[in-house]
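Chains as they are written, first to last, in my numbering: chain A, 2 to 283; chain B, 4 to 341.
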């Protein structure tokens, strides 16, 4: 006889206390901004460790751009490889890093559509930490891509006039510029929330900017309107600055200064915008 | 529960007139809710009724379009960091990282909860052991079964014991064994003094776990009370009898009709009978009536295999309270034969 059934089933059994289930709770703590950002950076690196194919883009794009374009456009530019690589290689370095930046945005868009993003937001963590942590891991990715370009260049016969200090300064400059673009794609990612769409938008911006620049061809062979565009194109300025540093041709350092100002300006606009979008409650 | 006294005063959750509008649809249409500290509160309703939206607002993930809510004494808009530091969310939407291992997931969450690296690792080991996941701690969470995933998910919410735990449909899509494991865990968490707000579309789940239940439908709360109170609103239930021998059914029918003074219903099962009990009968009366009926059956030499005094199922309660059947997803293991 089960009398009365419903009441019996509601009796709460004495909990069999699994050891360690509940921690003694103190006053609520929260992770500091730096610790939280470092944690998200570590998380991004763990993801690369578990899925190394994530690095395919970071390897394939610099290799393709550097090798293909050097041999395709090298002859048109003329001279010996050692000669035209002086113009071309700093350009491919700038372009490779610029293209690689879009994958950070795609990763963020991926993150915000998965359930774990809401869990992150439900914790008392500094709002910029997820984005900043991603950027920290991006520094590693950009550095990896930059090393590939430089090593390939050296193998193909490029001899930087600026020596190691010039190359290091150029790599630091493109990484800084790349990080400012990362903020831009992070803002786009939070707006569209679709990794594929982030890639499409970034491609639609970066591919024309990369080709309508002075990376491959001197603008004097182009029609006037295109020359005008090439001369205001930020990628042209970054390529010029990189050339100056790598080849030690920086006279007044104009392009380098321009590049640093542009990096700061893009960051100042898109970093706050990104943080605002991240924190917005829907 | 002295631990709960550390946060702001008042009830764990106090919401007034919560409204949320998504593209012209009022997903929440004026929700009032009070959850006392230390309580397990069940939020019951079909898919799309507004359960998850309510939890998202209370967990500070979504801003209400109207109304106010205080959680652990803090406003959900202006006090969200204070709430986030004291509450934890587990469920359909707040989940874990599939690419990371179980251990890495817990260490990441531990670091974000303000634990040191060493303390995070230690706590991750403890929780993995407590949740019977030590053997898979090095495997990516994406490879976990549904039950393991939900246990890891719960573990992530318990790294620092929260004052308030939001559980959004903790057992949806689970096999019965995993379901009862999760129920057991929820009971342990509640026994330690954490307030639990649980949403579910399973009537049995609310019945099993929650001391207080609110039934939500179309963004409104249509009923609230204890499981027994809600059931009482649709009557006191039915006495169900199963016989050993189907030949005796008409004899049993006559005895029960005489004793209980009610219409005796014959189930599809040739051995079963059921008698609805009067709505006004209180619990003691019901027990006495049932005992009386058993005595009479025994005197008439009717062999009884099983007797169940079933309160009406919450499924029936839902139908009575909302005026429509619960969506097909809503089921109850103790549905009564008509």
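Positions of the beta carbon are idealized from the N, C-alpha and C atoms, including for glycine.
CB contact flag (residue i, residue j, <8 Å)
{"i": "residue 116 of chain B", "j": "residue 163 of chain B", "result": "yes"}
{"i": "residue 223 of chain B", "j": "residue 258 of chain B", "result": "no"}
{"i": "residue 107 of chain B", "j": "residue 56 of chain A", "result": "no"}
{"i": "residue 268 of chain B", "j": "residue 274 of chain B", "result": "no"}
{"i": "residue 242 of chain A", "j": "residue 226 of chain A", "result": "no"}
{"i": "residue 157 of chain B", "j": "residue 197 of chain B", "result": "no"}
{"i": "residue 45 of chain B", "j": "residue 212 of chain B", "result": "yes"}
{"i": "residue 322 of chain B", "j": "residue 203 of chain B", "result": "no"}
{"i": "residue 89 of chain A", "j": "residue 71 of chain A", "result": "yes"}
{"i": "residue 265 of chain A", "j": "residue 190 of chain A", "result": "no"}
{"i": "residue 233 of chain A", "j": "residue 223 of chain A", "result": "no"}
{"i": "residue 176 of chain A", "j": "residue 200 of chain A", "result": "no"}
{"i": "residue 181 of chain A", "j": "residue 267 of chain A", "result": "yes"}
{"i": "residue 99 of chain B", "j": "residue 144 of chain B", "result": "yes"}
{"i": "residue 51 of chain A", "j": "residue 131 of chain B", "result": "no"}
{"i": "residue 227 of chain B", "j": "residue 174 of chain B", "result": "no"}
{"i": "residue 20 of chain B", "j": "residue 69 of chain B", "result": "yes"}
{"i": "residue 127 of chain B", "j": "residue 113 of chain B", "result": "yes"}
{"i": "residue 81 of chain A", "j": "residue 162 of chain A", "result": "no"}
{"i": "residue 36 of chain B", "j": "residue 217 of chain B", "result": "yes"}
{"i": "residue 105 of chain A", "j": "residue 135 of chain A", "result": "yes"}
{"i": "residue 94 of chain B", "j": "residue 31 of chain B", "result": "no"}
{"i": "residue 132 of chain A", "j": "residue 45 of chain A", "result": "no"}
{"i": "residue 38 of chain B", "j": "residue 16 of chain B", "result": "yes"}
{"i": "residue 290 of chain B", "j": "residue 241 of chain B", "result": "no"}
{"i": "residue 110 of chain B", "j": "residue 124 of chain B", "result": "yes"}
CB contact check: residue i to chain B, cutoff 8 Å
{"i": "residue 142 of chain A", "result": "no"}
{"i": "residue 123 of chain A", "result": "yes"}
{"i": "residue 120 of chain A", "result": "yes"}
{"i": "residue 1 of chain A", "result": "Residue 1 of chain A is absent from the structure shown; chain A starts at 2 and stops at 283."}
{"i": "residue 126 of chain A", "result": "yes"}
{"i": "residue 23 of chain A", "result": "yes"}
{"i": "residue 278 of chain A", "result": "no"}
Unbroken beta strand (DSSP E) run spanning residue i, endpoints
{"i": "residue 70 of chain B", "result": "69 to 74"}
{"i": "residue 243 of chain B", "result": "241 to 246"}
{"i": "residue 25 of chain B", "result": "16 to 25"}
{"i": "residue 215 of chain B", "result": "215 to 220"}
{"i": "residue 201 of chain B", "result": "198 to 203"}
{"i": "residue 225 of chain B", "result": "223 to 228"}
{"i": "residue 34 of chain B", "result": "28 to 38"}
First and last residue of the uninterrupted alpha helix (DSSP H) at residue i
{"i": "residue 257 of chain B", "result": "252 to 263"}
{"i": "residue 128 of chain B", "result": "120 to 133"}
{"i": "residue 309 of chain B", "result": "Not the alpha helix (DSSP H): residue 309 of chain B falls in the beta strand (DSSP E), residues 307 to 313."}
{"i": "residue 170 of chain B", "result": "Segment 167 to 171 is the beta strand (DSSP E) holding residue 170 of chain B; no alpha helix (DSSP H) there."}
{"i": "residue 212 of chain A", "result": "196 to 212"}
{"i": "residue 38 of chain A", "result": "34 to 51"}
{"i": "residue 155 of chain A", "result": "130 to 157"}
C-beta neighbour in chain A for residue i, strict 8 Å
{"i": "residue 143 of chain B", "result": "yes"}
{"i": "residue 146 of chain B", "result": "no"}
{"i": "residue 72 of chain B", "result": "no"}
{"i": "residue 245 of chain B", "result": "no"}
{"i": "residue 256 of chain B", "result": "no"}
{"i": "residue 87 of chain B", "result": "yes"}
{"i": "residue 50 of chain B", "result": "no"}
{"i": "residue 31 of chain B", "result": "no"}
{"i": "residue 64 of chain B", "result": "yes"}
{"i": "residue 283 of chain B", "result": "Because residue 283 of chain B sits at a pLDDT of 48, beneath the cut-off of 50, its placement in the model cannot be relied upon, and the point is left open."}
Assigned exposure category for residue i - 16 Cβ within 10 Å defines buried
{"i": "residue 71 of chain B", "result": "exposed"}
{"i": "residue 141 of chain B", "result": "exposed"}
{"i": "residue 250 of chain B", "result": "exposed"}
{"i": "residue 25 of chain B", "result": "exposed"}
{"i": "residue 23 of chain B", "result": "buried"}
{"i": "residue 49 of chain B", "result": "buried"}
{"i": "residue 232 of chain B", "result": "exposed"}
{"i": "residue 53 of chain B", "result": "buried"}
{"i": "residue 35 of chain A", "result": "exposed"}
{"i": "residue 129 of chain B", "result": "buried"}
{"i": "residue 278 of chain B", "result": "buried"}
{"i": "residue 184 of chain B", "result": "buried"}
Cβ-heavy atom distance, residue i to the ligand ADP, below 7 Å
{"i": "residue 41 of chain B", "result": "Of the ligands one can find in the structure shown there are none, so the ligand ADP has no counterpart to examine."}
Beta carbon proximity, residue i to chain D, threshold 8 Å
{"i": "residue 137 of chain A", "result": "Looking at the structure shown, chain D is missing, and the protein chains on hand are A and B."}
Check: Between the region 89 to 117 of chain B and chain A, which residues of the former have CB atoms less than 7 Å from a CB of the latter, in chain order?
Finding: 89, 92, 96, 97, 98, 99, 100, 102, 103, 107, 111, 114, 115, 116 and 117
Check: What residues in the region 27 to 58 of chain A bring their beta carbon closer than 7 Å to a beta carbon of chain B?
Finding: Taking a C-beta cut-off of 7 Å against chain B, the contacting residues of the region 27 to 58 of chain A are 28, 29, 30, 31, 32, 36, 37, 40, 44, 47, 48, 51 and 52, listed in chain order.
Item checked: Members of the region 120 to 134 of chain B near chain A, C-beta cut-off 7 Å -> 126, 129, 130, 132 and 133
Margin query: Any C-beta of chain A within less than 9 Å: which residues of the region 161 to 177 of chain B qualify?
Written below: 161, 162, 163, 164, 165, 166 and 169
Next item on the list: Could you please tell me which residues of the region 175 to 194 of chain B, in chain order, have their CB closer than 8 Å to any CB of chain A?
Entry: 187, 188, 190, 191, 192 and 194
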